[in-house]
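Protein chains in written order, with the numbering used here: chain A, 1 to 278; chain B, 279 to 440. Below is one structure; the comments refer to it alone.
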């Protein structure tokens, strides 16, 4: 059946748009995780909308919880008081230990510097194609956020790093569970060093540890080394769950990250590298 | 004037889809696998306005979805452009508006779109697709249920009360 003039026009428009999308794909593939200007513009235009929506939803939720959660507040308050007591004790003990190593003045200066470098942020969006790849936070260039800054959860576990595009008040964070991410890590006990990347399914793997490497046990904690010049050393990353040697040149090491996806409502952006401070 | 009204309506629906997408992601990210709000908007307006409107809206919604994911820009843009065209073209050729037929039609469209997107995603990334414990396979069903309900609701609102 031949196409009418109108149908032909529609098919041409569709073909043009298909080629336009193919063109976008073809210029994006060699760029890898770098984003095109067009992509950055769309992100910058729509991310404030996302920010507004999530802030409004959070405000409603907080009001609701504040109203109906009063009954639980007393119990929670008691529990928090106990937690503060133990945390104070722990803090004092740690400060005492630190005083053995450094003078008072130096400690105060370092702590003040750390406080200035940590920026609290709220997660306002998740990746539309695979939620283990990236998140969007409500801090951007106007807050001093720049690409490659490390991001931790509220317990200090590594979550990922800031990547482009960074909008004025929003930024994208690549998670360590993304397949294309890379973090230099070291195991806590056996000091096995490797490159950690995600499996895009919520877990991680350590790559390039040859089978002849000694050490490495299941259950060992992993920390950042700082060798990658991206993440400050000593941040908790995850726990080794499985180590296998399946005849290949490298070991298969599976890792469960410490950060929990369900807990990612608030994160901390490390505005400066810690090794520059200490 | 009527055109501007239609464009404003579509823009409002796209914005609503984006708002819903943001809220779903905040509630539980796995909900984003079950329901693609942008597909719903593209199907709805393409069926009502035809394929030309469908391809333009599909490209816009797809690129919007792409800009909020860490991947290759244009993958969702391409699959939604084709979705918009298919929805508009077929609905102009045959009556797909009665409830049951509407459900089947949207289900087929959503399955086709998911298949094209998954194919492009695995082809471009050379990586396995995240299925979220097979939740993604419920996406066509969820889209069809919601889509046909929205059409039924729209019909009911349009029909004058006797």
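Don't be surprised by glycine CBs; every beta carbon is placed ideally from N, CA and C. Fair warning: this is a prediction, and the values are worked out from it, not measured in the lab.
{"query": "Are the C-beta atoms of residue 43 of chain A and some chain B residue less than 7 Å apart?", "result": "yes"}
{"query": "How big is the Cα-Cα spacing for residue 44 of chain A and residue 264 of chain A?", "result": "22 Å"}
{"query": "Sorted by chain position, which residues of the same chain lie with C-beta nearer than 7 Å to residue 47 of chain A's C-beta, five sequence neighbours on each side aside?", "result": "136, 167 and 170"}
{"query": "Looking at C-alpha atoms only, which residue of B/371, B/387 and B/336 is the closest neighbour of residue 21 of chain A?", "result": "B/336"}
{"query": "Of all the residues that make up the stretch 317-333 of chain B, which are near chain D by a beta-carbon distance shorter than 9 Å?", "result": "Any reference to chain D falls outside this structure, whose protein chains are A and B."}
{"query": "Three or more beta-carbon pairs under 8 Å between the stretch 383-391 of chain B and the stretch 314-329 of chain B, yes or no?", "result": "yes"}
{"query": "Could you list the residues in the stretch 130-150 of chain A with a C-beta less than 8 Å from some C-beta on chain B, going in chain order?", "result": "130, 131, 132, 133, 134 and 136"}
{"query": "Which partner residues of residue 257 of chain A appear in the DSSP bridge assignment?", "result": "A/238"}
{"query": "Are the stretch 229-236 of chain A and the stretch 203-217 of chain A touching by the rule of at least three beta carbon pairs closer than 8 Å?", "result": "no"}
{"query": "Taking CB distances under 7 Å as the criterion, tell me whether residue 55 of chain A reaches chain B.", "result": "no"}
{"query": "Over what stretch of residues does the beta strand (DSSP E) that includes residue 269 of chain A continue unbroken?", "result": "266-270"}
{"query": "Taking DSSP as the reference, what is the three-state secondary structure of residue 170 of chain A?", "result": "coil"}
{"query": "Residues bridged to residue 244 of chain A by DSSP?", "result": "A/252"}
{"query": "Relative to the C-alpha of residue 195 of chain A, which candidate in A/73, A/13 and A/251 has its C-alpha closest?", "result": "A/251"}
{"query": "Can you tell me which of the three DSSP states residue 348 of chain B falls into?", "result": "coil"}
{"query": "First and last residue of the beta strand (DSSP E) that includes residue 196 of chain A?", "result": "193-198"}
{"query": "So which residues of chain B does residue 236 of chain A contact, with C-beta pairs closer than 8 Å?", "result": "The premise fails here: residue 236 of chain A is roughly 23 Å from chain B at the closest Cβ pair, so nothing lies under 8 Å."}
{"query": "If you follow the beta strand (DSSP E) that residue 320 of chain B is part of, which residue opens it and which one closes it?", "result": "Element bounds for residue 320 of chain B: not the beta strand (DSSP E) but the alpha helix (DSSP H), 315-327."}
{"query": "Which residues mark the beginning and the end of the alpha helix (DSSP H) in which residue 45 of chain A is found?", "result": "37-68"}
{"query": "Do residue 42 of chain A and residue 357 of chain B count as a contact pair if the criterion is CB distance below 7 Å?", "result": "no"}
{"query": "For residue 178 of chain A, I'd like the list of residues in its chain whose CB is within less than 7 Å of its CB, leaving aside the five on either flank, ordered along the chain.", "result": "132, 133, 134, 198 and 200"}
{"query": "Can you name the residues of chain B whose CB is closer than 7 Å to the CB of residue 28 of chain A?", "result": "350, 351 and 352"}
{"query": "Under 7 Å, Cβ to Cβ, is there at least one residue of chain A near residue 286 of chain B?", "result": "no"}
{"query": "With DSSP collapsed to three states, give me the class of residue 18 of chain A.", "result": "helix"}
{"query": "Between which residues of its own chain and residue 394 of chain B is the CB-CB distance below 7 Å, once the five residues before and five after are set aside?", "result": "357 and 360"}
{"query": "Answer with yes or no whether the minimum CB distance from residue 25 of chain A to chain B is below 7 Å.", "result": "yes"}
{"query": "Less than 7 Å between C-beta atoms, sequence neighbours within five positions excluded: which residues of the same chain meet that for residue 312 of chain B?", "result": "413, 416, 417 and 420"}
{"query": "Are residue 203 of chain A and residue 243 of chain A closer than 7 Å when you measure CB to CB?", "result": "no"}
{"query": "Looking at the structure shown, is residue 377 of chain B part of a helix, part of a strand, or coil, going by DSSP?", "result": "helix"}
{"query": "So, helix, strand or coil for residue 390 of chain B, using DSSP?", "result": "helix"}
{"query": "Could you tell me the boundaries of the alpha helix (DSSP H) in which residue 125 of chain A lies?", "result": "Element bounds for residue 125 of chain A: not the alpha helix (DSSP H) but the beta strand (DSSP E), 118-126."}
{"query": "Can you tell which of B/397, B/320, B/282 and B/291 has the C-alpha that lies nearest to the C-alpha of residue 362 of chain B?", "result": "B/320"}
{"query": "Which value, in whole angstroms, describes the spacing of the CA atoms of residue 392 of chain B and residue 87 of chain A?", "result": "50 Å"}
{"query": "Taking the continuous beta strand (DSSP E) assigned at residue 223 of chain A, which residues delimit it?", "result": "221-224"}
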